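Here's the structure we're looking at; comments come further down.
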Amino acid sequence: MRYLPHTKEDIEIMLSRIGISSLDELFPTISENCHSKKLPDLPEALTEWELCDLMNIYSRNTASGTKYKNFIGAGNYEHYIPSTIYYLLERSEFLTAYTPYQPEISQGTLQAVYEYQSLVSRLLGMEVANASLYDGASALAEALLMAIRIKKKKKVLISSLIHPHYRQVVNTYFKFTDFQVDEIPYLENGLTDISILNDTDDVAAVAVQSPNFFGCIESLKSFSEAALKKDMLFIVCFSEPFAYGLLKNPGSQGADIACGEGQSFGVSQLFGGPGLGMFASKMKFVRNMPGRLVGKTNDLDKKRGFVLTLATREQHIRREKATSNICTNNSLCAIAAAIYISSLGGTGLQKLAKLNYDKSEYLKKKFINAGLPATFKSPTFNEFVVKFPKGFKSLRNSILKNKIIPGLCLEKYYPELSDHYLICATETKSKEDLDLFVKEVLS
Amino acid sequence: MKEINEINLPDDLKYSKDHEWARFENQYVTIGVTDYAQDQLGDIVFVELPQKGDVFKKGDEFGNVESIKAVSELYMPLGGKIFEVNAAFENHPDLANTSPYEKGWMIKVENDNADNINDLMGKDKYYKYLQGIE
Amino acid sequence: MTKKLDDNLNVEPLIMEKGKKGRCAYSMPKRDIENFYLNKDLKGSELNLPDLCEIDIVRHYTRLSQLNFGLDTGMYPLGSCTMKYNPKLNEQLLACSGFSKAHPLVPETLSQGALQLIYELEQYLCLITGTDACSLQPSAGAQGELVGMLMICAFHKAKKNVKSKIIIPDTAHGTNPASASLCGLHPVQIKSNKNGILVPETVDKVMDDQTAGIMLTNPNTLGLFEENILEISQIVHSKGGQVYCDGANLNAVMGIVELGKIGVDVLHLNLHKTFSAPHGGGGPGSGPVCVKKHLIPFLPVPRIIKENNTYTFCENFPETIGRIHPFFGNFGVMVKAYAYIRTMGAKYLKKASQLAVLNANYIKECLKEVFYLPYDRPCLHECVFSDKFQAKYKITTLDICKRLMDFGFHPPTVYFPLVVNGAIMIEPTETESKESIDRLIDAFKTIANEAKDNPDILKKAPNTCPVKRLDETKAARQPLLSE
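Residue numbers (our numbering), protein chains in the order written: chain A, -12 to 430; chain B, 232 to 365; chain C, 75 to 557.
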C-alpha cells in the first residue's frame, strides 16, 4: 500500500526491538471486551484509477456550476479565481504545514497571515484583524459573545436581515447560555428598523449585515451613532466582502467589530465549505478577540520575524476561560484571500467591485423594464429581490431545463415574501446571460 | 528559573498563599506579586487591574497577570476598597518582573480591619510554604 | 537555503512593501454593460491596498513558501496532531469542477453527487466508530466538541434534568473545557492515576445528578488507552450522565476499537488528522460528530435523507440543536477524507493504526534510556517524554525542540499534556518509514549528548533556519498586528 512504507523486514526488526513478536501484541492494554470482533464493513479499497472514475461520476452529478448559469448568491458567490491562486496554494509548504507554533520554520505561513491581517484591516477600515475564523456565521456568533464579555451585559440585538443561516448558527451557539438574542424587524424599504434601538436597555451590542440578505445597503453611520448613545457595541457583518471594494467600509462608519464571510476572495464555492471567517475590531478590544493573531517582532539577530502572539487568550492556555474554543481555523483560505486581494490590487478591486455592482444594476433595470421592479427601493450591491409573476413555480422547472437557476426563492426564510426571489449577478455573468435570464422569466 | 533560596523576600512584608505580598502602612495596604510569582510566570506582557473605588472581599479575583505562556489570576489577600491603582503598568507591564516589591506595586487597598494582617504569613512561613511546593 | 537580506534586515519584504500603483495581476473581465450611477454618499474612498503584477505575486508567495517547513519537506512528530502523509490524489480530486463550482443552495436534484458523497462518508465514519449517525457540519474538532456538548445538554433538557457540571480529566486538550463552558457547564477536573489513566473510583466520587457526564479522550493525550472506559461509562450512565469522547487520537485504534461500542455516547473526529486531509498551516479542518441512537434527535440540521436512490436535505427534526455551519460543513475537506477511506479500505485502515502504534513504541524503546519516560508502559500511537534528565545541564524541553529543527525535523508537541512537566509528546504516524524514524532517534540522541557536552549550541538553536529564536515577549508587550 503506497502510503504505508513498512516492509516485512522493517516490521520484524521493530517488533523485536520492542520485545514482541506480532503486531497484535502491540495492544496489551485493550481488553478483550474493548476489542472489535471484526473489521468495519467498508467498501473494498480502490486503486487510484478506480477512485478517479468514481469521483468523476460524483462530480458530474454535482455539475450545476459548470453546466448551469446560476443566479443564486445568498452567502456563497461565484467569482472568477485566477489560476495563480490554485497554483500557489498547491505549494506543499503552505498546504501541508502545521499551525505555526514553531515560528523559526513557519515564517512563510506567519508572514502570509500577517499580510492577510493587514489587508483585511485596510479593506474593512478596522484597526486589527485576526488570522481567520471558520465562516461568516460562526464569526458573527463569536462577535456577539465578544461584545457580551466586553460590555458585561447579557442581551444582544441582531437584524432579521442578517443571513438566515447565520442567525440560526447564532441561536445554536447561544442555546445553553443565559444570554438573550432578540431580532430587529425590517421595514418596507428593505432595511433594518433602527427605531427599535430607542426602546432598548442593557444591550451589549447590535449587529447589522450590510449589504443585508436582500442585498440592500444599510445606513451604518446611523446605527453606529444610535448604538453609541445606548452604550452598546456596533457589529457590522457581511456575506459579500466585495461590497467594501466599492462602498464605505465598516470602520469608517463607526463599527466596533466587523465580521463576515470572505469566500468571495479566492475561495472556491465547494458546496458551501470551507469558507473564511473574517474578523476585525478596534485595537482596544484586541485582548478580547477570539482566534489567533500573528504579530511582528525580531529574532536574536534583530531580523524582522513573525510569531503567533497574545496566545494566552486562547483555549490551550486559558482553557475554560478562553475567549473562544477555536483551535484549527481557516488559515489556508485566509492565504487564498490575501493572494486574491493582492492580485486584484486596490485599483483592480475597486474596478471589479464596480463591475459587479453594474452587472446586478443592469439585470435589475432589465427586470424593471419587463414590468418586474425590485421589491425594495433601497440601493443594493450585487444582489436584489424581485417578485416573479404568479405561477412562476411551474415556469421555474422549464427555466431549469434551459440550464438557468433563477435565483433563490425567499418563501422558506421570509414566508411573507413567498413569490419573491433573491437574485445575484456577479462579473461571471455576461450581458447575454443576463438578457437570456430575463427572457426566460417572461416567457 | 530561580532556586527557592534565590527568591527575594523582604522582611517587612506579609505574604499570601496565592503569592501576593502586602505592605501594611497606616490605613492602607499596598499589594503586589512576589518574586516567586514573577519568576514562575516569566516575562510579563500584560497586567489587568481593577478600577479605583471597586470593592472586593478577601479571596476575590481582582485582576490577572499575563505572561507569554500563562495567565495568573490575582486574589485579594484581604477585603476592602481599592484606593489607588498603579497606572504605570499600562506602558510597563514588566515592572512586576524588574521590581516586584517597589515600582511593581499593583493596588493600594483601604485597610478596614486591624485583624487582616493576622491572616497572612510572615517571611519565614512563606519561605517554608514555597519549599513545600517545589 | 540562504536568503539575501534587504537593507532593513528583512528576510522577505511584505507584500504591501512591493508593487506599484496601477499594476494588476488579475485578468479583468471585459465590460459589456454600461456604468451605472452609484450615490456618492455610499461610495467609499480609494482602497489602501498594494497593486502588483502577476510575477510580483508568484515570486512573493513562492519565496514565502520556501521559508516554511511542510509535511512534504520532512517529518512532523507532533503528538495528538497525527501529521500523516497527505495524498496528492485527494487534492487533484477536489479540483473536479463539479465540486469546486458547486453552490450549496441550488435545487437538490442538481447536487446529488455531493449529497451522496456526504451521506456515504457519514456511513463510513459510523462504521469505523461503531456509532449510529453522524453530522459532518462542524468545521473543526473544537466545533465538533461544542456540538457534542450542546447535544448532551439538549438530551438532559428533554428529560427535564438540570445539569451544571461536566467531568474533564487533567490530560484533556484545552478545547474540551473551553467548549464545555460555552454550554454553561462548569468543568470538574479529575486526576489520572500514576499509570496515566482514569480510574472508576475517581469518577464515581465526583459523578452526581448535577453532572451532565464526562468528556474523555481515548486514546488519551499521554498516548494511553483509557483501560477502564467500560466501568467508567457504566458509572456515568447509572447516575444519568452521558459520555463524550474526544476522538482526535483515533489513529491508534481504527479497526481495533469501536468507541461507540465501549460506552461512548457521542464523539468527534478530526478529518484533518486521522483521515489525511492537509493542515493548511492551521486549517481548514472538519470535525464530524458521531452519535449513538438515543442522541440522533438532537443532531444539527439539515440532515441528509436517502430515499430510493435520491438524496435530500431534511430539517424536520424538532429536537435538533440547530444549525452549526452556514451550509453543510467543509465539503472541500470531506472529499479528501472520503477519498482516503475509499483508497485504504478497512484492512489498510487497521494496518495504518497498527503501524502507527508500532512506530511510537519503537521510538519509546529506543529513546527511554536517553530521555525520561514518565509512563514506562506500552503506549499507543504516541509517547510522552520530558526534559527531567537534561535539567541538570539547565537544558529545557524548549531548547531540545529548537535544536531538533537544525536536524531537519519539526519539533514534537511540547509542554502538553500539562500533567507532565516539560512534556515532549512524539507521534510519528504510520506514514513514516523505519529509516526516517531511525534518523529522528539519532537526532534526539545527538541532542541529548549535546545537552551534556555543548549545551550552548542548544540554547542558541535553531541556527540553520531562516530566522533565529524570536522575541515573543516583545510581540506580546507591544502587539504589532498589521501594517
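Where is the CB? At the ideal position from N, CA and C, for every residue including glycine. Please read these numbers as outputs of a predicted model, since none were measured by experiment.
Under the three-state reduction of DSSP, which class applies to E370(A): helix, strand or coil?
One-based indexing of the first sequence puts residue 370(A) at position 383. Strand at E370(A).
Alpha carbon to alpha carbon, what distance is there between E31(A) and I326(A)?
Along the first sequence, one-based indexing puts residue 326(A) at 339. Along the first sequence, one-based indexing puts residue 31(A) at 44. Distance between the alpha carbons of I326(A) and E31(A): 40 Å.
What residue range does the alpha helix (DSSP H) around Q155(A) cover?
The residue labelled residue 155(A) in the question sits at position 168 within the first sequence. From DSSP, the alpha helix (DSSP H) with Q155(A) extends over 151 to 161.
Just checking my contact of F314(B) with V340(B) at CB under 8 Å: how many whole Å lie between their CB atoms?
Your numbering for residue 314(B) matches position 83 in the second sequence. Your numbering for residue 340(B) matches position 109 in the second sequence. Yes, they are in contact, since the Cβ atoms of F314(B) and V340(B) sit about 6 Å apart, within 8 Å.
Kindly list, in the order they appear in chain A, the residues whose Cβ is closer than 9 Å to that of V302(B).
Against the second sequence, residue 302(B) aligns to sequence position 71. Those are T299, R300, I304, R305, K308, listed as they occur along chain A.
Taking 8 Å as the threshold (beta carbon to beta carbon), is V132(C) in contact with chain A?
Residue numbering aside, residue 132(C) sits at position 58 when the third sequence is read from its first letter. It does; some Cβ of chain A falls within 8 Å.
Threshold first: 4 residues or longer. Then list the alpha helix (DSSP H) segments lying entirely within the segment 24 to 64 of chain A, N to C.
Entirely contained in the segment 24 to 64 of chain A, the alpha helix (DSSP H) runs reaching 4 residues are, in chain order, 35 to 47, 51 to 54.
Out of G153(C), A216(C), N142(C), which one is the CA nearest neighbour of I313(A)?
Position 326 of the first sequence, counted from the start, is the residue given in the question as residue 313(A). Nearest C-alpha to I313(A): A216(C).
Suppose you measure from the CA of I92(A) to the CA of V107(A); what does that come to, to the nearest Å?
Locating residue 92(A) in the first sequence gives position 105, where the first residue counts as 1. Locating residue 107(A) in the first sequence gives position 120, where the first residue counts as 1. Answer to the nearest angstrom: the Cα atoms are 25 Å apart.
Under 8 Å, Cβ to Cβ, is there at least one residue of chain C near P324(B)?
Along the second sequence, one-based indexing puts residue 324(B) at 93. Closer than 8 Å: yes.
Identify the continuous alpha helix (DSSP H) that holds P251(C) and give its terminal residues.
Locating residue 251(C) in the third sequence gives position 177, where the first residue counts as 1. Segment 249 to 255, the alpha helix (DSSP H) holding P251(C).
Taking DSSP as the reference, what is the three-state secondary structure of V338(C)?
On the third sequence, residue 338(C) is found 264 positions in, with the first residue counted as 1. Of the three classes helix, strand and coil, the one that applies to V338(C) here is coil, per DSSP.
Which whole-angstrom value describes the C-beta separation of I149(A) and A194(A), a residue pair presumed to lie in contact below a C-beta threshold of 8 Å?
Position 162 of the first sequence, counted from the start, is the residue given in the question as residue 149(A). Position 207 of the first sequence, counted from the start, is the residue given in the question as residue 194(A). The Cβ separation is near 7 Å, so the contact holds.
Using only alpha-carbon positions, find the residue among F161(A), S430(A), M276(A) that is nearest to L297(A).
By 1-based counting over the first sequence, the position of residue 297(A) is 310. Comparing Cα-Cα distances from L297(A) to each of F161(A), S430(A), M276(A), the minimum goes to M276(A).
Am I right that G144(C) and S79(A) are in contact with their C-beta atoms under 8 Å? What's the rounded C-beta distance?
For the purposes of this step, residue 144(C) is identified with residue 70 of the third sequence, where counting begins at 1. For the purposes of this step, residue 79(A) is identified with residue 92 of the first sequence, where counting begins at 1. Contact flag correct, Cβ pair sits at about 5 Å.
Specify the secondary structure class of S146(A) as computed by DSSP and reduced to three states.
Walking along the first sequence from the start, residue 146(A) turns up at place 159. In the structure shown, S146(A) sits in a strand (DSSP, three-state: E or B).
C208(C): buried (16+ other C-beta within 10 angstroms of its C-beta) or exposed?
Looking up residue 208(C) in the third sequence gives position 134. With 16 or more other Cβ atoms within 10 Å, it is buried.
Listed from N- to C-terminal order along the chain, which residues in the segment 257 to 291 of chain B have their beta-carbon within a distance smaller than 9 Å of any beta-carbon of chain C?
Listed by position, the residues of the segment 257 to 291 of chain B near chain C (Cβ gap below 9 Å) are G273, D274, I275, V276, F277.
Of all the CB atoms in chain A, is at least one closer than 8 Å to the CB of Y449(C)?
For the purposes of this step, residue 449(C) is taken as the residue at position 375 of the third sequence. It does not; no Cβ of chain A falls within 8 Å.
Tell me the rounded alpha-carbon separation between T203(C) and S330(B).
Counted from its first residue, the third sequence places residue 203(C) at position 129. Counted from its first residue, the second sequence places residue 330(B) at position 99. Near 56 Å, if we compare the C-alpha coordinates of S330(B) and T203(C).
Determine whether the beta carbon atoms of I183(A) and S147(A) lie at a separation below 8 Å.
As a working mapping, residue 183(A) is identified with position 196 in the first sequence. As a working mapping, residue 147(A) is identified with position 160 in the first sequence. No, they are not a contact pair.
On a CA-only basis, which of Y153(A), S381(A), N316(A), C411(A) is nearest P352(C)? Give me that one, please.
In the third sequence, counting from the first residue as 1, residue 352(C) sits at position 278. Of the candidates Y153(A), S381(A), N316(A), C411(A), the one whose C-alpha sits nearest the C-alpha of P352(C) is N316(A).
CA-CA distance, T249(C) and G123(A)?
For the purposes of this step, residue 249(C) is taken as the residue at position 175 of the third sequence. For the purposes of this step, residue 123(A) is taken as the residue at position 136 of the first sequence. Looking at the two C-alpha atoms, the distance is approximately 21 Å.
Based on DSSP bridge pairs, tell me the residues matched to W252(B).
In the second sequence, residue 252(B) corresponds to position 21, counting from 1. For W252(B), which the question treats as bridged, DSSP gives the partners Y246(B), G263(B).
How big is the Cα-Cα spacing for D243(B) and D291(B)?
Indexing the second sequence from 1 puts residue 243(B) at position 12. Indexing the second sequence from 1 puts residue 291(B) at position 60. Their Cα atoms are separated by approximately 24 Å.
With 16 as the cutoff for other CB atoms within 10 Å, does Y67(A) come out buried or exposed?
Along the first sequence, read from residue 1 onward, the residue named residue 67(A) stands at position 80. Y67(A) comes out exposed.
Taking 6 Å as the limit between beta carbons, can you name the residues of its chain near N404(C), skipping five residues before and five after?
Taking the first residue of the third sequence as 1, we reach residue 404(C) at position 330. Same-chain partners within the cutoff: S213, P358, S360.
What is the rounded straight-line gap between the Cα of D106(C) and the Cα of T415(A)?
Start at 1 with the first residue of the third sequence, and residue 106(C) comes out as number 32. Start at 1 with the first residue of the first sequence, and residue 415(A) comes out as number 428. Looking at the two C-alpha atoms, the distance is approximately 12 Å.
Using the rule of at least 16 other Cβ atoms within 10 Å of the residue's Cβ for burial, across every protein chain shown, is Y135(C) buried or exposed?
The residue labelled residue 135(C) in the question sits at position 61 within the third sequence. It counts as buried.
For the candidate residues K117(C), T386(C), A522(C), C440(C), whose alpha-carbon lies nearest to that of K476(C)?
Working through the third sequence from its first residue, we reach residue 476(C) at position 402. Nearest of K117(C), T386(C), A522(C), C440(C) to K476(C), Cα basis: A522(C).
Which residues share a DSSP beta bridge with F459(C)?
Within the third sequence, residue 459(C) is the residue found at index 385, counting from 1. DSSP lists I498(C) as partners of F459(C).
Could you tell me if W36(A) is buried or exposed, where buried requires 16 or more neighbouring beta carbons within 10 angstroms of its beta carbon?
Within the first sequence, the letter at position 49 stands for residue 36(A). By the neighbour-count rule (16 or more Cβ atoms within 10 Å), W36(A) is not buried but exposed.
Quick check: what's the CA-CA separation for G329(C) versus K508(C)?
In the third sequence, counting from the first residue as 1, residue 329(C) sits at position 255. In the third sequence, counting from the first residue as 1, residue 508(C) sits at position 434. Near 23 Å, if we compare the C-alpha coordinates of K508(C) and G329(C).
Measure the Cβ-Cβ separation of P324(B) and V264(B) and say whether it is below 8 Å.
As a position in the second sequence, residue 324(B) is number 93, starting the count at 1. As a position in the second sequence, residue 264(B) is number 33, starting the count at 1. No; because the gap between Cβ atoms is not below 8 Å, this pair is not in contact.
Thinking C-alpha only, which one of Y101(A), E175(A), N236(A), G177(A) is nearest E227(A)?
Stepping through the first sequence from its first residue, residue 227(A) is reached at position 240. Nearest of Y101(A), E175(A), N236(A), G177(A) to E227(A), Cα basis: N236(A).
Please name the residue or residues paired with L339(A) in a DSSP beta bridge.
To locate residue 339(A), count along the first sequence from 1; it is residue 352. Paired residues: none, contrary to the question.
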